[in-house]
Amino acid sequence: MAEPMRIRAKLNGDTVEVKVLIRHDMETGKRKDPSGKVIPPHFIKTLIAKCKEKTVLDTVMGISVSKDPFLSFKFKGGALGDKVTVTWVDNTDDTRTDEATIS
Amino acid sequence: MQVYTMFDSDEKGVQVMDQGRRNALRMASALGLVCAGSLLGPMRAFAGEWKANSFEAKGLANALKELGVDSYTMSGEVSVISAEIAENGAVVPVSVNSAIPNTEYMAILIEKNPNPLSVAFNIPEGTEAAFTTRVKMGETSNILALVKANGKWFAASKEVKVTLGGCGG
Numbered sequence: 007m008a009e010p011m012r013i014r015a016k017l018n019g020d021t022v023e024v025k026v027l028i029r030h031d032m033e034t035g036k037r038k039d040p041s042g043k044v045i046p047p048h049f050i051k052t053l054i055a056k057c058k059e060k061t062v063l064d065t066v067m068g069i070s071v072s073k074d075p076f077l078s079f080k081f082k083g084g085a086l087g088d089k090v091t092v093t094w095v096d097n098t099d100d101t102r103t104d105e106a107t108i109s
Numbered sequence: 002m003q004v005y006t007m008f009d010s011d012e013k014g015v016q017v018m019d020q021g022r023r024n025a026l027r028m029a030s031a032l033g034l035v036c037a038g039s040l041l042g043p044m045r046a047f048a049g050e051w052k053a054n055s056f057e058a059k060g061l062a063n064a065l066k067e068l069g070v071d072s073y074t075m076s077g078e079v080s081v082i083s084a085e086i087a088e089n090g091a092v093v094p095v096s097v098n099s100a101i102p103n104t105e106y107m108a109i110l111i112e113k114n115p116n117p118l119s120v121a122f123n124i125p126e127g128t129e130a131a132f133t134t135r136v137k138m139g140e141t142s143n144i145l146a147l148v149k150a151n152g153k154w155f156a157a158s159k160e161v162k163v164t165l166g167g168c169g170g
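Following this line, the structure appears as structure tokens:
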């Protein structure tokens with residue numbers, strides 16, 4: 007199981023700013039280990055964020071997103087105490103969902 | 002504003018036409034646009050779907066083609082914010098945003114990466130067309146922010162100099 011994400015969701019006026027830090031190798035599949043063997047690709051393909059069942063972000067990623075991806079975005083319609091849920095799925099079908107409370 | 006298009010209209014030809022014919026032409030092209038719009042409608046299927054064709058496309062032209070972009074307009078309402086020089090190409094912070102109303106889709110492409118498409122956002126109503134993330138860059142390159150709004154494509158680009166590439170082994 008993958009390591010947890012760090013998510014922060016902060017209400018500013020009527021806008022919620024969300025910052026997500028993900029633990030993931032984002033291995034390109036183009037690198038070689040010291041013995042010359044190609045390191046297989048391992049990267050997040052999709053990331054979806056929801057608040058109260060409504061999708062607030064829908065992302066697709068490639069191998070050129072940096073290791074341990076960081077993402078920040080803003081949406082309207084969230085209130086203090088609501089939960090923001092973030093789910094990613096990688097190319098090995100590994101997945102992880104974490105949530106944060108809007109503060 | 003620079004316009005890049007594959008369908009340049011013949012301006013001189015239009016100017017010599019009489020008003021009636023011009024109006025008729027205008028209506029015809031408007032109808033044509035409506036038809037094209039309805040044909041393109043169902044193609045907006047990239048929501049949440051990871052498409053190998055677009056992410057594995059080599060070179061900017063191919064990547065744009067796979068994303069369904071025929072032509073795009075450079076727009077001052079779209080911006081790419083990043084440092085001028087990135088010491089480490091493996092981690093290049095970049096922010097993209099669009100002030101164009103009804104921006105429904107945004108993508109970040111690194112022009113000189115082997116596979117230029119890096120990340121794409123579908124933007125639901127209520128979410129701002131403004132994102133910050135970190136990307137890998139193999140070498141000095143333009144970062145292109147591609148925006149879709151009201152069925153049209155817009156873009157902005159910024160060159161980032163990379164002193165140490167982020168794709169090597």
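Going line by line, the protein sequences match chains C and G. Residues in the first sequence are numbered consecutively from 7, following this note's numbering. Residues in the second sequence are numbered consecutively from 2, following this note's numbering. Yeah, the Cβ is synthetic: ideal placement off N, Cα and C, and Gly gets one too. Since we're looking at a predicted model, the values are computed, not measured.
Based on the DSSP secondary-structure assignment, which residues constitute the bridge partners of C:Asp74? According to DSSP, which records beta bridges pairwise, C:Asp74 is partnered with nothing at all.
Between C:Asn97 and G:Val136, what straight-line distance do the alpha-carbon atoms span, to the nearest angstrom? If I take the Cα positions, the gap works out to 18 Å.
Of the residues G:Gly139, G:Asn89, G:Ser96, G:Thr128, the one placed nearest G:Val81, counting alpha carbons only: Comparing Cα positions, the closest option is G:Ser96.
Pull up the distance between the alpha-carbon of G:Glu50 and that of C:Val66, whole angstroms please. If you take the alpha carbons of G:Glu50 and C:Val66, they lie about 7 Å apart.
G:Asn116 CB to nearest chain C CB: under 8 Å? yes
Starting from the beta carbon of G:Thr133, find every residue of chain C whose beta carbon is closer than 9 Å, and list them in chain order. Chain-order list of chain C residues neighbouring G:Thr133: Lys25, Phe76, Leu77, Ser78, Phe79, by C-beta distance under 9 Å.
Report yes or no: is there a C-beta of chain G within less than 8 Å of the C-beta of C:Leu86? no
Straight-line CA distance for C:Leu17 to G:Ser83? Cα to Cα, the separation comes out at about 25 Å.
What span of residues does the beta strand (DSSP E) with G:Asn103 cover, start to end? No beta strand (DSSP E) holds G:Asn103; DSSP gives it neither H nor E.
Identify whether C:Leu86 lies in helix, strand or coil by the three-state DSSP scheme. Of the three classes helix, strand and coil, the one that applies to C:Leu86 here is coil, per DSSP.
Beta-carbon within less than 8 Å of G:Val175's beta-carbon, same chain only, minus the 5 sequence neighbours each way: which residues are those? With chain G running from 2 to 170 in the structure shown, residue 175 of chain G is simply not present.
Tell me, please, whether the CB atom of G:Ile86 is closer than 8 Å to any CB atom in chain C? Not closer than 8 Å to any Cβ of chain C, the Cβ of G:Ile86 fails to qualify, so no.
Using the Cα positions of C:Gly83 and C:Gly68, report the straight-line distance between them to the nearest angstrom. 29 Å
Residue nearest to C:Met11 in terms of C-alpha spacing, selected from C:Thr91, C:Val71, C:Lys60: With respect to the C-alpha of C:Met11, the residue from C:Thr91, C:Val71, C:Lys60 having the closest C-alpha is C:Thr91.
Interface residues of chain C facing G:Asn54 [CB-CB closer than 7 Å]: Here the premise fails: no neighbours, minimum Cβ distance about 12 Å.
Interface residues of chain G facing C:Val71 [CB-CB closer than 8 Å]: Ser119, Val120, Thr134, Arg135, Val136, Lys137
So within the stretch 67 to 153 of chain G, which uninterrupted beta strand (DSSP E) runs reach at least 3 residues, ignoring any that extend past its ends? Counting whole runs of 3 or more residues, the stretch 67 to 153 of chain G contains the beta strand (DSSP E) stretches 73 to 75, 79 to 83, 93 to 99, 104 to 111, 118 to 123, 131 to 136, 142 to 150.
Interface residues of the stretch 54 to 71 of chain C facing chain G [CB-CB below 8 Å]: When CB distances to chain G are screened at a threshold of 8 Å, the residues of the stretch 54 to 71 of chain C falling below it are Ile54, Lys60, Thr61, Val62, Leu63, Asp64, Thr65, Val66, Met67, Gly68, Ile69, Ser70, Val71, in chain order.
Suppose you measure from the CA of C:Ile45 to the CA of G:Asn89; what does that come to, to the nearest Å? Taking the straight line from one Cα to the other gives about 21 Å.
Under 9 Å between beta-carbons, which chain C residues line up against G:Ile82? List them in chain order, please. Result: empty, since nearest Cβ-Cβ is about 12 Å, beyond 9 Å.
Going along the chain, which residues of its own chain have a beta-carbon closer than 7 Å to the beta-carbon of C:Phe79, five neighbours each way excluded? Val24, Leu63
Does G:Ser176 come out as helix, strand or coil in the three-state DSSP assignment? Chain G is shown from 2 up to 170; residue 176 of chain G falls before or after that span and cannot be answered.
Looking only at its chain, what residues have a beta carbon closer than 8 Å to the beta carbon of C:Lys60, apart from the 5 residues adjacent to it on each side? Close CB contacts of C:Lys60 within its chain, under the 8 Å cut and outside five residues either way in sequence, are with Gly83 (chain order).
Among C:Pro75, C:Lys89, C:Asp39, which has the Cα closest to the Cα of C:Ala15? When each option's Cα is compared against that of C:Ala15, the closest is C:Lys89.
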